[in-house]
Amino acid sequence: MGWQGRAALGPRAMGRQGWESGWGLIEPHPGSGFPWQDPGRGGLVQSICVSLLKVPLMFGFLYLFVCSLDVLSSAFQLAGGKVAGDIFKDNAILSNPVAGLVVGILVTVLVQSSSTSTSIIVSMVSSGLLEVRSAIPIIMGSNIGTSVTNTIVALMQAGDRSEFKRAFAGATVHDCFNWLSVLVLLPLEVVSGYLHHVTRLVVATFNIRSGKDAPDLLKIITEPFTKLIIQLDKSVITGIATGDESLRNRSLIRVWCAAGGLGAPPNCTSPGHCSGNSMESLHNVTRQKCEHLFTDTPLPDLAVGLVLLAGSLVVLCTCLILLVKLLNSLLKGQVAKAIQKVINTDLPHPFSWLTGYFAMVVGAGMTFVVQSSSVFTSAITPLIGLGVISIERAYPLTLGSNIGTTTTAILAALASPGDKLASSFQIALCHFFFNISGILLWYPLPFTRLPIRMAKALGERTAKYRWFAVLYLIVCFLLLPSLIFGISMAGWRVLVGVGAPFLGLLFFVGLVNALQARSPGRLPKWLQTWDFLPAWMHSLQPLDNLITRAALCCTDRCRSPEGWDEREGAARDKARLGLDNPALSYPEEMPGPALRVGSPRLPPHGATRL
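Residue numbers (UniProt numbering): 1 to 610.
See the structure below:
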């Protein structure tokens, strides 16, 4: 149902269909809108000026937000870039598909840039250090690792539970799509090699020639500012990955920039070499010292990376919080209704089924313009949290973003030299066809759109237990990949022996959860709920109690008078914490003992699911 159809239902019908569940679009405040539409309002000129001032402020904060993402990527590369290069260097590890997948995830998380990790892979394939077949799982892993940025951005909206639920779901729908695609396509690629064969056929069929490099559309705007902060020599990471040991002790921080011209300066005594404070000429080529904050720093790369990491996170959080506040004040009344109608309305019948695919084209185009899927998905995450963009509309936009970032890689591969063009282009096409295959699996039919349902489940869980978002990041992007990597290094037998039962258990739990929700009568009576298991095996509430008690102890509130029941005291402290901070309130947040003497005890929860 499009926006027009939903709007025709009225507020009450909308409440029945999703407003109360928190997943529908947020209905704008009826009393808000353009201030000049109310002639009787005092301070008309002031209201107009304030409203007009908010627009350039919003674009200014958005600019700083994008720049902070660029600096954040540079900080991660300084802190872990050489480690990433060392990981790529071990070809024995990369020949294992599962290990290659994990390496792609970890390296992309370390450098916070799928384009950087992909360029390293392309360089290794071009130089003959890595075969195309071995590089395909690494490409899949880089696709997963790049989705961590917008998940971090979603954490900035944790102050409001309803916003946090939508924002986290909008961010993790990207993760769910990538993980599901890998679970299906990686085994298929290992068994059949379909990506390798299809892309090789495409490269052999078309007479592909070297072209221009990918255009730097967004960097034209952001680089003048970010270059004043830090400039990196990314060829050091690529060189370490390709086995150039001479680059191991070289700093990633760029000191000398592009050539300033030919010929020796007049004050040089020899045309072969001259040096000065800001110029150096070798073989009649003049290089000028770079102008950024860390040009002559004595600090090591790790220290500079940590400084930039802290600073960029502060700027990113500040800009995001201010952006959300500005958007909250701007997207009201008729403005919000107009934007919601444009973004979420389906195409006219009989072309309504094409709406999602049109959104994919928009997402791909916007990602091509900004040359970063992380920037695009991070920019729409606050809008999802505010309810301006629905999860159902954000999903095809995210899928289009996946396609857009591969287009940039294809253009970059076309700029490779002639002898390296075929392998570089084939790897870029593998990235492209992997995402196309994932879309064919998880989008065309409504019942196949599992990432939306999975993301909503994660959003609900995160809204109830906000610490779950941090746990999710640590487990999905660090602990789980590291565990899989360690098991895969023990050999295929160990991997299959451990992985097959685990995947079977996950499938069983998912199937039982689905039956418990939709048709519990088909299950045995003892399996209609998970209450026969210990609480810690089917609920996060015991862990939440520990975390809450630890937080209260940190604020000197864990001391209870003698005679209190321990559970009742914990519930009262938790209730007091919720009253102190209204943002902590959430339905079904505080089950357990009554909060007032004589008041009836809350009814027990229904069937619990894992």
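For glycine and all other residues, C-beta sits at the position ideal for the given N, C-alpha and C.
Do residue i and residue j have their C-beta atoms closer together than 8 angstroms?
i: residue 193; j: residue 140; result: no
i: residue 61; j: residue 385; result: no
i: residue 522; j: residue 533; result: no
i: residue 472; j: residue 173; result: no
i: residue 427; j: residue 121; result: yes
i: residue 434; j: residue 195; result: yes
i: residue 469; j: residue 168; result: yes
i: residue 185; j: residue 481; result: no
i: residue 542; j: residue 535; result: yes
i: residue 177; j: residue 442; result: yes
i: residue 180; j: residue 451; result: yes
i: residue 225; j: residue 67; result: yes
i: residue 489; j: residue 99; result: yes
i: residue 95; j: residue 142; result: no
i: residue 230; j: residue 73; result: no
i: residue 447; j: residue 406; result: no
i: residue 126; j: residue 145; result: no
i: residue 228; j: residue 253; result: no
i: residue 462; j: residue 150; result: no
i: residue 400; j: residue 438; result: no
i: residue 69; j: residue 316; result: yes
Going by C-alpha to C-alpha distance, which of the options sits closest to residue i?
i: residue 251; options: 241, 243, 235; result: 235
i: residue 475; options: 119, 175, 554, 143; result: 175
i: residue 372; options: 528, 314, 398; result: 398
i: residue 111; options: 147, 93, 454; result: 147
i: residue 162; options: 466, 529, 548; result: 466
i: residue 375; options: 254, 222, 79; result: 222
i: residue 379; options: 429, 307, 327; result: 327
i: residue 369; options: 51, 220, 495; result: 220
i: residue 59; options: 322, 248, 346; result: 322
i: residue 157; options: 502, 528, 324, 548; result: 324
Considering only heavy atoms of the ligand MN, does any lie closer than 7 angstroms to the CB of residue i?
i: residue 94; result: In terms of ligand content, the structure shown is empty, and the ligand MN therefore cannot be addressed.
Would you identify the three-state DSSP class for residue i, choosing helix, strand or coil?
i: residue 530; result: coil
i: residue 389; result: coil
i: residue 256; result: strand
i: residue 165; result: helix
i: residue 414; result: helix
i: residue 523; result: coil
i: residue 503; result: helix
i: residue 289; result: strand
i: residue 232; result: strand
i: residue 325; result: helix
i: residue 175; result: helix
i: residue 297; result: coil
i: residue 407; result: helix
i: residue 446; result: helix
i: residue 249; result: coil
i: residue 421; result: helix
i: residue 345; result: coil
i: residue 70; result: helix
i: residue 648; result: Within the shown structure, residues of the chain are numbered from 1 to 610, placing residue 648 beyond reach of any answer.
i: residue 281; result: For residue 281, the predicted structure reports a pLDDT of 48, less than 50, and the residue's modelled location is therefore unreliable. A value from the coordinates is still provided. In this structure, residue 281 counts as strand in the three-state DSSP scheme.
i: residue 305; result: helix
i: residue 23; result: coil
i: residue 243; result: coil
First and last residue of the alpha helix (DSSP H) that includes residue i?
i: residue 138; result: 132 to 145
i: residue 97; result: 97 to 111
i: residue 541; result: 541 to 554
i: residue 200; result: 194 to 205
i: residue 472; result: 467 to 474
i: residue 368; result: 355 to 370
i: residue 489; result: 480 to 489
i: residue 158; result: That residue, residue 158, is in no alpha helix (DSSP H); it is neither H nor E in DSSP.
i: residue 538; result: 535 to 538
i: residue 224; result: 219 to 226
Is it buried or exposed for residue i, if we count other Cβ within 10 angstroms and need 16 for buried?
i: residue 504; result: exposed
i: residue 403; result: buried
i: residue 526; result: exposed
i: residue 351; result: exposed
i: residue 23; result: buried
i: residue 382; result: buried
i: residue 353; result: exposed
i: residue 637; result: For the chain, the structure presents residues 1 to 610; residue 637 sits outside this window and is missing.
i: residue 269; result: Any answer about residue 269 is weak, because its pLDDT of 37 lies below 50 and its placement is not dependable; what the coordinates show is given next. Label assigned to residue 269: exposed.
i: residue 319; result: buried
i: residue 159; result: exposed
State yes or no: is the beta carbon of residue i nearer than 8 angstroms to at least one beta carbon in chain C?
i: residue 312; result: Of the chains in the structure shown, none is chain C; there is only one protein chain.
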